[in-house]
Ligand code: ATP
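In full-length UniProt numbering, the protein residues as written are 12 to 382.
Quick look at the structure:
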């Protein structure tokens with residue numbers, strides 16, 4: 012079920028023309044964005060692009076300079092943070108060092124004047140959910156980084172927010188634990204069925220956990236899409252380059268047909284055939300973007316060297332176990348990256364440095380970009 016594709020479905024979070032200025036500096040620049048109930052939504056982008064500022068406006072810690080934010084249909088402009096149906100988990104976790112895990116989690120509920128019985132019941136339930144039952148009596152400094160992260164998560168969830176905002180929630184964990192915890196977060200989100208909005212600068216993390224991603228750059232949203240859409244169909248060179256690796260060739264449109272287009276490039280001696288038509292005219296400058304794993308590197312020349320093929324010399328090879336990364340210097344001096352899985356190749360000898368190779372790709376591997 013993809014609520015963002017359903018025109019009748021109302022957005023749960025609506026960000027309408029929101030701008031945030033600090034003095035003359037525009038940190039968030041006229042962003043409009045809809046997020047739906049039960050989404051695991053990521054704000055992704057390089058450092059300083061305005062992700063945290065946008066999240067803080069959702070929480071109510073910052074006020075928009077312009078525009079408005081609606082949560083569940085209600086304008087939040089005048090609603091203070093503690094009255095919003097949201098809770099925020101900070102990267103620093105902000106746990107109380109002198110309190111036990113149980114007391115840390117119960118703290119917010121106690122302040123809200125909830126009865127002891129109910130607090131006990133809710134804290135017990137959430138401790139079980141994050142698998143910390145055994146650690147209830149420990150203090151934060153007696154826990155591992157991953158366990159502390161789960162206490163912070165439990166503390167944010169115990170207040171039953173409709174939306175949980177997470178600012179780099181896994182930033183303090185090492186790579187392996189981070190990957191494990193991504194799946195735990197996804198599980199918990201699915202079990203509770205609440206909306207998660209996460210800030211991250213790690214594109215792999217965003218790809219793993221998200222229903223959709225908003226890619227931000229210099230205060231603006233440059234593309235909103237599902238992980239596979241943003242990878243397979245980026246809408247600009249900037250997006251293609253931020254999400255994963257890509258080879259980009261500047262091209263000139265030669266001809267556009269109903270279901271394909273032909274491009275020429277000064278950087279390649281061949282013509283590029285695409286599997287889709289283009290909204291472009293002959294003579295226009297476009298860029299063709301091809302992911303390294305969608306290219307094939309071979310010692311044997313293909314039947315037709317004039318279409319979707321570049322010849323070159325192997326510059327270096329990185330062996331990464333399940334795959335190898337080839338850097339090939341083409342005859343026109345361009346460096347092209349190709350990744351290939353290391354299956355047993357019995358028909359061909361292994362490619363080594365300085366070999367003359369042919370890089371080929373199918374017509375549907377190239378995404379044509381206008382900017
Ligand atoms: P990071 O991943 O490094 O946290 P980010 O994308 O979350 O980056 P923000 O923290 O939202 O970026 O900051 C966006 C820009 O706004 C930055 O250039 C930052 O210096 C600036 N900024 C943020 N808060 C303030 C503030 N209170 N006063 C002035 N400038 C600020």
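Quick reminder that beta carbons are idealized off the backbone N, C-alpha and C, glycines included. What you are looking at is a predicted structure, and each value in this text was computed from that prediction instead of being measured.
Taking the continuous beta strand (DSSP E) assigned at residue i, which residues delimit it?
i           : result
residue 327 : 320-330
residue 381 : First-last for residue 381: undefined, no H or E at that position.
residue 365 : From DSSP, residue 365 is part of no beta strand (DSSP E); its letter is neither H nor E.
residue 21  : It is not in any beta strand (DSSP E) - residue 21 carries neither H nor E in the DSSP assignment.
residue 176 : 174-178
residue 36  : 36-46
residue 338 : 334-341
residue 98  : 97-100
residue 225 : 223-228
residue 89  : Here residue 89 belongs to no beta strand (DSSP E), and DSSP marks it neither H nor E.
residue 347 : 346-352
residue 53  : 51-55
residue 74  : Residue 74 -> no beta strand (DSSP E), and no H or E assigned at all.
residue 210 : 206-211
Between which two residues does the alpha helix (DSSP H) containing residue i stretch?
i           : result
residue 198 : 186-203
residue 66  : 62-70
residue 218 : 214-220
Closest by CA to residue i, which one among the options?
i           : options               : result
residue 98  : 167, 133 and 88       : 167
residue 226 : 26, 56, 23 and 27     : 56
residue 187 : 199, 269, 216 and 261 : 216
residue 368 : 313, 376, 317 and 378 : 313
residue 16  : 169, 223 and 135      : 223
residue 32  : 364, 23 and 42        : 42
residue 203 : 173, 185, 218 and 177 : 173
residue 40  : 194, 137 and 231      : 231
residue 74  : 87, 82, 62 and 83     : 87
residue 38  : 332, 124 and 59       : 59
residue 93  : 83, 71 and 126        : 71
residue 311 : 304, 283 and 321      : 321
residue 130 : 142, 141 and 115      : 115
residue 377 : 285, 304 and 292      : 285
residue 78  : 113, 68, 62 and 28    : 28
residue 177 : 345, 69, 260 and 315  : 69
residue 277 : 260, 293, 270 and 290 : 260
residue 270 : 257, 256 and 289      : 289
residue 144 : 153, 152, 121 and 112 : 112
residue 206 : 275, 282 and 82       : 82
residue 241 : 214, 267 and 258      : 214
residue 104 : 179, 282, 274 and 257 : 179
residue 350 : 340, 330 and 192      : 330
residue 152 : 110, 123, 274 and 189 : 110
residue 279 : 352, 171, 345 and 244 : 345
residue 171 : 354, 233, 123 and 327 : 123
Since residue i contacts residue j with CB under 8 Å, what's their CB separation in whole angstroms?
i           : j           : result
residue 301 : residue 325 : 18 Å between Cβ atoms; not a contact.
residue 381 : residue 307 : So it is not a contact: roughly 27 Å between Cβ atoms.
residue 374 : residue 319 : 7 Å
residue 249 : residue 228 : 6 Å
residue 299 : residue 262 : 5 Å
residue 14  : residue 48  : 7 Å
residue 323 : residue 295 : That belief does not hold up - the Cβ atoms of residue 323 and residue 295 are roughly 27 Å apart, past 8 Å.
residue 156 : residue 175 : About 20 Å separates the two Cβ atoms, so there is no contact after all.
residue 347 : residue 370 : 6 Å
residue 106 : residue 159 : 6 Å
residue 53  : residue 211 : 6 Å
residue 208 : residue 44  : Residue 208 to residue 44, Cβ: 10 Å. No contact.
residue 133 : residue 169 : 6 Å
residue 117 : residue 138 : Their Cβ separation, rounded to whole angstroms, is 10 Å, which puts residue 117 and residue 138 out of contact at 8 Å.
residue 220 : residue 51  : 6 Å
residue 108 : residue 62  : Wrong, their Cβ atoms sit about 28 Å apart, outside the cutoff.
residue 291 : residue 257 : Going by Cβ atoms, the distance from residue 291 to residue 257 rounds to 20 Å, so no, they are not a contact pair.
residue 199 : residue 154 : Between residue 154 and residue 199 the Cβ distance is about 18 Å, and since that is not below 8 Å, they are no contact.
residue 397 : residue 218 : The chain is shown from 12 up to 382; residue 397 falls before or after that span and cannot be answered.
Heavy atom of ligand 2 less than 7 Å from the Cβ of residue i, yes or no?
i          : result
residue 36 : Within the structure as shown, ligand 2 is missing, the only ligands being ligand 1.
Taking the runs of the alpha helix (DSSP H) that are 4 residues or longer, which of them lie wholly in the segment 105-156? Counting only runs of 4 or more residues that sit fully inside the segment 105-156, the alpha helix (DSSP H) segments are 112-122 and 127-140, in chain order.
Alpha helix (DSSP H) segments (min. 4 residues) lying fully within the segment 233-258: Counting whole runs of 4 or more residues, the segment 233-258 contains the alpha helix (DSSP H) stretches 238-243 and 248-253.
Report the start-end ranges of each beta strand (DSSP E) in the segment 267-321 that is 3 residues or longer and not cut off at the edges. Whole beta strand (DSSP E) segments, 3+ residues: 272-275, 282-285, 296-301 and 306-309.
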